[in-house]
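In this text, residue positions in the sequence shown follow the numbering used here: the first is 7, and each later residue adds one.
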Amino acid sequence: MRQQRQPASPSLLPAKRGALYYLRKDRFLYLLILPGLLYYVVFKYLPMFGIVIAFKDYQPFMGLEGIFSSEWVGLHHFKRFFMSQFSWQLIRNTLLISVLKLFWGFPAPIILALMLNEVRQRRFKKVVQTISYLPHFLSTVIVCGMIRTLTSTDGGLINLVLTLLGQEPIFFLGDTRYFRSILVISDIWQSVGWGSIVYLAAMTGIDTELYEAAEVDGASWLQKMWTITLPGIMPVVSIMLIFRVGNLLSGGFEQILLLYSPMVYSVADLISTYVYREGLVNMKYSFTTAIDLFTSLVAMILVLGTNWLAKKAGQEGIW
Numbered sequence: 007m008r009q010q011r012q013p014a015s016p017s018l019l020p021a022k023r024g025a026l027y028y029l030r031k032d033r034f035l036y037l038l039i040l041p042g043l044l045y046y047v048v049f050k051y052l053p054m055f056g057i058v059i060a061f062k063d064y065q066p067f068m069g070l071e072g073i074f075s076s077e078w079v080g081l082h083h084f085k086r087f088f089m090s091q092f093s094w095q096l097i098r099n100t101l102l103i104s105v106l107k108l109f110w111g112f113p114a115p116i117i118l119a120l121m122l123n124e125v126r127q128r129r130f131k132k133v134v135q136t137i138s139y140l141p142h143f144l145s146t147v148i149v150c151g152m153i154r155t156l157t158s159t160d161g162g163l164i165n166l167v168l169t170l171l172g173q174e175p176i177f178f179l180g181d182t183r184y185f186r187s188i189l190v191i192s193d194i195w196q197s198v199g200w201g202s203i204v205y206l207a208a209m210t211g212i213d214t215e216l217y218e219a220a221e222v223d224g225a226s227w228l229q230k231m232w233t234i235t236l237p238g239i240m241p242v243v244s245i246m247l248i249f250r251v252g253n254l255l256s257g258g259f260e261q262i263l264l265l266y267s268p269m270v271y272s273v274a275d276l277i278s279t280y281v282y283r284e285g286l287v288n289m290k291y292s293f294t295t296a297i298d299l300f301t302s303l304v305a306m307i308l309v310l311g312t313n314w315l316a317k318k319a320g321q322e323g324i325w
């Protein structure tokens, strides 16, 4: 007859440790995360208390005390924004530029990674990777300065070529027909190489036996890419898409702020650039806080919705 296993004696079980024990034991690990933790507490969480001024008539000269003493106005600033003549133009421009960057810019690093993965000459592959990564390390100010120089009507390379071809110089950054295209192309140029690193790293985790089996079956490189490589990186693609959608309403604030002018406000002025002008320049803190709170809520809804759709489609979500 099988002997039943006796439960362990309480004295033999490991003693329960308190939080202070593990804090003391792993104190050096906690010290490593302390700088990052302090950064988020000081610059991300503590300023969230100031969101309350979106519902108050706060004036800059009131100081910190004004956050508590200023008059409560409820949803007045939200209504003021949506009833203004600029609101729908700002929302349209923000969504259109963001969708254009998402439509053209999101697949670009995936395509580059798929192409680099098929390259067998290692030296050529490294050269292409280095050239494509390099723009990422240039600041937005430098990139925008290069764009201004290239598109300038006074000695700019692009207009110089147009002049040699018998065309009139074009003020690209002041023309509503070209401004959005310049934004999208320059954004792809700066980010495509660095963005491909994530997908190249995901490809290294794909089982090589799948490629060997596909070769035995006579699959071409395009068929292997479509049936093995692309499905293998889809979990990473879905996560990166969720993060990208979360930034949909930003539209590339720094890039546009450095390139646009009143001549292209009709196609380039975003919610974020409008908040900058009205908030920091004209010091309408309560009004612009309300606008920024609205965009943050929309961004949160977009992230939650995209994450839900990704999981419904059988892909990985961020939680």
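Backbone N, C-alpha and C define an ideal beta-carbon position, used for all residues, glycine too.
* **Proximity below 8 Å, CB of Ile277 to CB of Thr312** => Numbered from 1 along the sequence shown, position 271 holds the residue referred to as residue 277. Numbered from 1 along the sequence shown, position 306 holds the residue referred to as residue 312. Not a contact, by the Cβ cut-off of 8 Å.
* Asked: If you run the structure through DSSP and keep just helix, strand and coil, what is Trp200?
  -> Reading the sequence shown from its first residue, position 194 is the one you call residue 200. If DSSP states are grouped into helix, strand and coil, Trp200 belongs with the helices.
* With 16 other CB atoms within 10 Å as the buried threshold, where does Ile103 fall? -> Counted from its first residue, the sequence shown places residue 103 at position 97. Ile103 counts as buried, since no fewer than 16 other beta carbons sit within 10 angstroms of its beta carbon.
* Asked: Where do the ends of the alpha helix (DSSP H) carrying Met240 lie?
  -> Counted from its first residue, the sequence shown places residue 240 at position 234. Here the alpha helix (DSSP H) through Met240 covers 240-252.
* Cβ atoms of Leu308 and Gly252: under 8 Å apart, would you say? -> Counting from 1 along the sequence shown, the entry for residue 252 is found at position 246. Counting from 1 along the sequence shown, the entry for residue 308 is found at position 302. Cβ atoms of Gly252 and Leu308: closer than 8 Å.
* **Selection from Val58, Glu215, Ala208, Met152 that minimises the alpha carbon distance to Asp298** => Locating residue 298 in the sequence shown gives position 292, counting from the first residue. For Asp298, the nearest C-alpha among the options comes from Val58.
* Beta-carbon spacing of Val198, Ser145 below 8 Å -> Position 192 of the sequence shown, counting from 1, holds the residue named residue 198. Position 139 of the sequence shown, counting from 1, holds the residue named residue 145. No, the Cβ-Cβ distance between Val198 and Ser145 is not below 8 Å.
* To do: Using the DSSP secondary-structure output, state which residues sit across from Asp63 in a beta bridge.
  => Taking the first residue of the sequence shown as position 1, residue 63 is located at position 57. Asp63 pairs with Glu77.
* May I ask you to verify whether the stretch 147-159 touches the stretch 264-271, counting CB pairs closer than 8 Å and requiring at least 3? => yes
* Asked: Hey, would you say Ala296 sits closer than 8 Å to Ala60, going by beta carbons?
  -> Taking the sequence shown and counting its residues from 1, the one referred to as residue 296 is at position 290. Taking the sequence shown and counting its residues from 1, the one referred to as residue 60 is at position 54. Taking 8 Å as the Cβ cut-off, Ala296 and Ala60 qualify as a contacting pair.
* Cα separation between Met7 and Ala207? -> As a working note, residue 7 is residue 1 in the sequence shown. As a working note, residue 207 is residue 201 in the sequence shown. Because Met7 sits at a pLDDT of 47, beneath the cut-off of 50, its placement in the model cannot be relied upon, and the point is left open.
* Stretch pair the stretch 236-244 + the stretch 209-216: three plus CB contacts closer than 8 Å -> yes
* **For Asp223, three-class secondary structure by DSSP** => As a working note, residue 223 is residue 217 in the sequence shown. The three-state reading of DSSP puts Asp223 in coil, since its state is none of H, G, I, E or B.
* Asked: Just how far apart, CA to CA, sit Leu108 and Gly42?
  -> Indexing the sequence shown from 1 puts residue 108 at position 102. Indexing the sequence shown from 1 puts residue 42 at position 36. Their backbone Cα atoms lie some 29 Å apart in a straight line.
* **Own chain residues within Cβ distance below 7 Å of Trp78, not counting five before or after** => Within the sequence shown, the letter at position 72 stands for residue 78. For Trp78, where only same-chain residues beyond five positions count, the Cβ hits under 7 Å are Phe61, Lys62.
* **Opening and closing residue of the alpha helix (DSSP H) in which Met289 lies** => Along the sequence shown, one-based indexing puts residue 289 at 283. No alpha helix (DSSP H) holds Met289; DSSP gives it neither H nor E.
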